[in-house]
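Residue 10 in numbering that gives the first Met the number 0 sits at position 11 of the sequence shown; the count goes up by one each step and never skips.
The C-beta atom is built at its ideal place from N, Cα and C for all residues, glycine as well.
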Amino acid sequence: MPFDLEKIVRPHILKVKPYSSARDEFSGSAEVYLDANENAFGSSSQEINNRYPDPLQWQVKEKIAQIKHVPKEQIFLGNGSDEPIDLIIRAFCTPGKDEIIQLPPTYGMYQVSAEINDVFINNVPLDEHFQIQTDKVINAIHANTKVIFICSPNNPSGNSVSVQSIETILRSFNGLVVIDEAYIDFSSQPSFTQRLAEFPNLVVLQTFSKAWGLANLRVGMAFASLEIISLMNKIKPPYNIGGKTQEAALFALGFAHQTEAMVQEILEEREKLISALEGAPGVIQVYPSDSNFLLVKTTNAHGIYNALVSKGIIVRDRSKVYGCEGCLRVTVGTPEENERLLKEWNKIS
Ligand SMILES: *Cc1c(COP(=O)(O)O)cnc(C)c1O
């Protein structure tokens with residue numbers, strides 16, 4: 000069966016007429032704007048913020064289109080990646096009826112968004128190398144499965160999952176396959192953004208929060224077919240990205256070389272940190288990483304975590320997470336931060 004968006008979207012969503020903002024109805028330029036009930040006198044602060052922003056963020060998307068080699072009409076911008084995750088679940092999954100598949104251990108927001116929307120969660124765990132059990136995923140698909148979330152590189156394990164497994168799932172499933180590439184800039188694998196034409200059911204998520212160093216801005220990106228992106232635009236809150244945020248993102252996009260330079264440094268630091276942690280007390284294994292963090296299996300996660308906290312160093316205790324028993328997740332820091340971490344870790348007995 001070929002992919003048919005109209006068959007998998009919630010039927011009433013097709014009929015929703017989107018909110019039409021003043022800026023949707025007139026988007027040219029004029030001298031007097033009395034169409035949006037803004038305050039024409041100005042803003043209460045020194046900073047000028049009295050006008051509504053571009054609801055579709057075209058300037059930012061044009062710049063992203065150049066950098067990512069994806070047409071601007073196939074880009075959606077959200078308030079972090081969490082917004083597209085939620086919009087996709089709301090557009091495709093009928094509460095109390097439909098389900099998503101996720102592959103634990105993985106990023107927590109797929110489950111949270113599904114639960115908030117009363118959507119069932121079908122868990123198909125990754126194997127002991129944190130790779131996809133492809134046959135099990137395909138066997139888990141049934142009539143009410145609407146979305147499969149795949150995180151690659153995966154959080155919290157850090158590795159990229161097999162491209163072949165992802166391709167098999169994309170070809171075997173008539174619903175949406177969402178590939179969360181939050182850490183793609185640190186990865187040795189190519190992005191799936193260059194394969195949108197091949198897979199009409201593919202959605203790729205990326206973010207400004209990691210490699211770009213802009214977590215404070217809250218901007219996430221989704222890349223997909225024109226049809227899927229139009230649907231997401233139709234149901235999003237009209238002005239979901241503030242004007243100041245759009246300006247800051249646009250400005251940052253002019254410094255792609257700076258992002259690349261930081262990524263290189265982070266990758267070098269990651270390799271140093273791997274070797275050092277492999278010899279550190281209580282460490283059983285440092286898992287292979289294609290991201291800016293390391294999953295470290297230890298003999299006593301709780302003890303190490305607390306010892307580090309008492310020295311003012313915070314890592315993430317993932318030891319209660321399925322498949323991550325005994326594990327801490329450590330973000331690669333600056334050389335000074337990593338040295339401090341190692342100095343304290345090496346004192347633990
Ligand atoms: C950090 C992260 C994100 C990014 O979330 P934002 O809301 O864009 O900050 C998305 N997915 C995964 C797997 C992450 O680890």
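Item to check | Reference LEU169, options SER190, THR330, ALA142 and ILE147, closest by Cα | outcome: The residue labelled residue 169 in the question sits at position 170 within the sequence shown. With distances taken between Cα atoms, LEU169 lies closest to ILE147.
Item to check | Distance, GLY322 Cα to LEU294 Cα | outcome: As a first step, residue 294 is located in the sequence shown; it is residue number 295 there, counting from the start. As a first step, residue 322 is located in the sequence shown; it is residue number 323 there, counting from the start. Put simply, the backbone Cα of LEU294 is about 11 Å away from that of GLY322.
Item to check | Under 8 Å between C-beta atoms of ILE7 and ASN121 | outcome: Numbered from 1 along the sequence shown, position 8 holds the residue referred to as residue 7. Numbered from 1 along the sequence shown, position 122 holds the residue referred to as residue 121. No; because the gap between Cβ atoms is not below 8 Å, this pair is not in contact.
Checklist entry - Closer than 5 Å from C-beta to any heavy atom of ligand 2: which residues, in chain order? => result Looking at this structure, you won't find ligand 2 anywhere; what it does contain is ligand 1.
Checklist entry - Got a sec, what are the start and stop residues for the alpha helix (DSSP H) THR258 sits in? => result Taking the sequence shown and counting its residues from 1, the one referred to as residue 258 is at position 259. Taken as a continuous stretch (DSSP letters only), the alpha helix (DSSP H) holding THR258 covers 255–277.
Item to check | Reduced DSSP category for MET0 - H, G, I as helix; E, B as strand; rest coil | outcome: The residue you call residue 0 lines up with position 1 of the sequence shown. In the structure shown, MET0 sits in coil (DSSP, three-state: anything other than H, G, I, E or B).
Checklist entry - So what does DSSP say about LYS296, is it helix, strand or coil? => result If you number the sequence shown from 1, residue 296 lands on position 297. The DSSP-derived three-state label of LYS296 is strand.
Checklist entry - Beta-carbon separation of LEU102 and ILE74 under 8 Å? => result The count along the sequence shown starts at 1 and reaches residue 102 at position 103. The count along the sequence shown starts at 1 and reaches residue 74 at position 75. It is not a contact, given that the beta carbons lie outside the stated cut-off.
Checklist entry - Helix or strand or just coil, what does DSSP make of LYS145? => result Taking the first residue of the sequence shown as 1, we reach residue 145 at position 146. LYS145: strand per DSSP, three-state reduction.
Next on the checklist: Would VAL123 and ALA139 be called neighbours here (beta carbons separated by less than 8 Å)?
Outcome noted: Start at 1 with the first residue of the sequence shown, and residue 123 comes out as number 124. Start at 1 with the first residue of the sequence shown, and residue 139 comes out as number 140. Cβ distance < 8 Å, so VAL123 and ALA139 count as in contact.
Checklist entry - At what residue ranges does the stretch 19–82 contain a whole run of the alpha helix (DSSP H), taking only runs of 4 or more? => result Fully enclosed alpha helix (DSSP H) runs of no fewer than 4 residues occupy 21–24 and 57–67 of the stretch 19–82, in order along the chain.
Item to check | Euclidean distance between Cα positions of GLU142 and ALA251 | outcome: Along the sequence shown, one-based indexing puts residue 142 at 143. Along the sequence shown, one-based indexing puts residue 251 at 252. Correcting the residue type first, residue 142 is Ala in the shown sequence and not Glu. Looking at the two C-alpha atoms, the distance is approximately 43 Å.
Next on the checklist: Mapping the DSSP letters down to three states, classify GLY302 as helix, strand or coil.
Outcome noted: By 1-based counting over the sequence shown, the position of residue 302 is 303. In this structure, DSSP gives GLY302 a helical state, which the three-state scheme calls helix.
Checklist entry - Given VAL331, which residues of its chain have a CB within under 8 Å of its CB, disregarding the five upstream and five downstream residues? => result Working through the sequence shown from its first residue, we reach residue 331 at position 332. Only ILE265, GLU268, ARG269, LEU272, ASN291, PHE292, LEU293 and ASN337 meet the Cβ criterion.
Checklist entry - If you draw a straight line from the alpha carbon of MET220 to that of VAL31, how long is it in whole angstroms? => result Your numbering for residue 220 matches position 221 in the sequence shown. Your numbering for residue 31 matches position 32 in the sequence shown. Separation of MET220 and VAL31 (C-alpha to C-alpha, rounded to the nearest whole angstrom) is 33 Å.
Next on the checklist: Taking its Cβ as the centre, do 16 or more other Cβ atoms sit within 10 Å of ASN154, making it buried, or is it exposed?
Outcome noted: Stepping through the sequence shown from its first residue, residue 154 is reached at position 155. ASN154 is buried by the Cβ-count criterion.
Checklist entry - Where do the N-terminal and C-terminal ends of the beta strand (DSSP E) with THR330 fall, by residue? => result As a first step, residue 330 must be located in the sequence shown, where it is residue number 331. Counting along the chain, the beta strand (DSSP E) containing THR330 begins and ends at 326–330.
Checklist entry - Near ALA39, what residues of its chain come up, given a Cβ to Cβ distance below 8 Å and the 5 sequence neighbours on each side ignored? => result Residue numbering aside, residue 39 sits at position 40 when the sequence shown is read from its first letter. Closer than 8 Å at Cβ, skipping near neighbours: TYR32, LEU33 and ASN49.
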